[in-house]
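See below for the structure under consideration.
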Amino acid sequence: MKTTVEIADPLLREARKLAMSQGVTLRELIERGLHRVLAEVRSAPPFKLRRASFRGKGLQPEFRDATWDRLRDVAYEDHGA
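Residue numbers for the sequence shown follow my numbering, beginning at 54 and rising by one.
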């Protein structure tokens, strides 16, 4: 399949020199690079969010049945809210 890709001139010059020194076409060099990047992404472990909870007994009794509005108001109390 043919496609057009814009590559920075200095990078393209360096890639052409490398391809020539290795005796391969620029196309082959680009395909090798794409294969490496795709393999790297496939083999990377999936993002996992670390556990960020702390030990405690939940909300204080006065806030157990509080609405989010009430919790927000208390959190921002004395902070310009």
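Cβ atoms here follow ideal geometry from the backbone N, Cα and C, with glycine treated the same way.
- When the beta-carbon positions are compared, LEU79 and ARG69 come within less than 8 Å of each other.
- For SER74, the secondary structure class from DSSP, reduced to helix, strand or coil, is helix.
- Nearest C-alpha to MET54 among GLY76, GLU84, ASP122, ALA61: GLU84.
- In the structure shown, LEU82 adopts helical secondary structure according to DSSP, grouped into three states.
- In this structure LEU71 touches LEU82 by the C-beta definition: roughly 6 Å separates them, less than 8 Å.
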